[in-house]
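Below is one structure; the comments refer to it alone.
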Amino acid sequence: AYIDFLYQQNYVGEIDNDELTYYLMNAYIMCIGDPYGVYYSPEEVDALFNSTQGVNVGIGVYVRHNPETNEIKVLTAMDNTPAKNAGIISGDIITAVNGESLAELEYNEAVGKITGPEGSEVTITISRNGQLIDKTIIRSSYEAQNVFYRKHSADPTVGIIKIIDFTDVLPVQFKNAVNSLMADGCTSIIFDLRENGGGTLDSCVNILDFLLPEG
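In my numbering, the protein residues as written are 4 to 218.
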């Protein structure tokens with residue numbers, strides 16, 4: 004607190020107090036060692052609430068961060084999204100945004116470069132099979148695709164449903180997936196919750212009500 008007082012009183016440059024608070028709070032949580040604690044800026048809070056509702060603005064990709072290489076790998080481009088329409092596919096590695104390399108950025112900062120206001124233009128550089136490709140995309144709002152489903156490759160009577168997040172739009176997508184697999188001859192279903200990001204209790208209860216008998 005005393006260091007902050009000295010800088011606030013005597014520093015000749017400009018101090019962004021909002022940014023200072025953001026980094027101090029995250030540093031506090033990191034030093035404590037709480038693996039589940041996260042500090043959100045007001046903008047991130049808004050994005051979090053939007054994501055739990057299943058309505059997002061951006062390009063529409065699920066990504067995975069490799070902390071060892073700091074690579075951001077596309078797991079999938081959601082249906083009916085700018086990324087899907089631009090031809091971004093699973094396995095692409097996002098290396099730069101608007102010409103700025105993501106190699107030295109923290110994960111959340113890198114993702115923040117990818118997202119942005121609806122209608123804005125962004126150029127994503129991806130690495131695919133060793134080749135760098137630029138994709139210019141117009142960000143837009145889209146309904147998050149929280150469910151991906153398919154038949155098991157070795158047994159077509161077994162369906163696999165992967166649930167990415169529990170959001171307000173999940174129950175309808177989940178029920179459609181179950182009904183589609185059953186209509187296509189599946190007699191059993193595997194639910195894949197690996198790397199699930201969590202979400203709202205209501206959506207979880209809703210799909211359990213669909214699966215389980217009363218009582």
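Glycine included, every Cβ here is placed at the ideal spot set by N, Cα and C.
Do you know offhand how far residue i's Cα is from residue j's?
i      : j      : result
GLU7   : PRO45  : One point to set straight first is that residue 7 is Asp, not Glu, in the sequence displayed. C-alpha separation (whole angstroms): 22 angstroms.
VAL100 : ILE75  : 12 angstroms
ALA30  : ASN20  : 15 angstroms
ILE127 : ILE140 : 8 angstroms
GLY16  : LEU23  : 14 angstroms
THR190 : TYR65  : 29 angstroms
ILE35  : LYS87  : 40 angstroms
LYS178 : GLY119 : 31 angstroms
GLY115 : GLU103 : 12 angstroms
TYR14  : GLU47  : 29 angstroms
I think residue i touches residue j, with their Cβ atoms under 8 angstroms apart; what is that distance to the nearest whole Å?
i     : j     : result
ALA80 : ILE92 : 6 angstroms
MET28 : TYR10 : Their Cβ separation, rounded to whole angstroms, is 17 angstroms, which puts MET28 and TYR10 out of contact at 8 angstroms.
HIS68 : TYR25 : With 8 angstroms as the limit, HIS68 and TYR25 do not qualify as a contact, their Cβ atoms being about 19 angstroms apart.
Considering only their Cβ atoms, is the gap separating residue j from residue i smaller than 8 angstroms?
i      : j      : result
GLY202 : ASP158 : no
THR98  : ILE117 : no
ASN199 : ILE163 : no
VAL181 : ILE192 : yes
TYR152 : LEU184 : yes
ALA89  : LYS138 : yes
ILE136 : LEU173 : no
ASP95  : ARG142 : no
ALA147 : THR170 : yes
PRO85  : ILE62  : yes
According to the neighbour-count rule (16 or more other Cβ atoms, all chains shown, within 10 Å of its Cβ), is residue i buried or exposed?
i      : result
GLY133 : exposed
ASN59  : buried
ALA113 : buried
What are the complete alpha helix (DSSP H) segments, minimum 4 residues, inside the stretch 8-50?
20-35
Which residue spans inside the stretch 76-128 form an unbroken beta strand (DSSP E) run of at least 3?
96-100
Continuous alpha helix (DSSP H) assignments of at least 4 residues falling wholly in the stretch 188-217:
204-214
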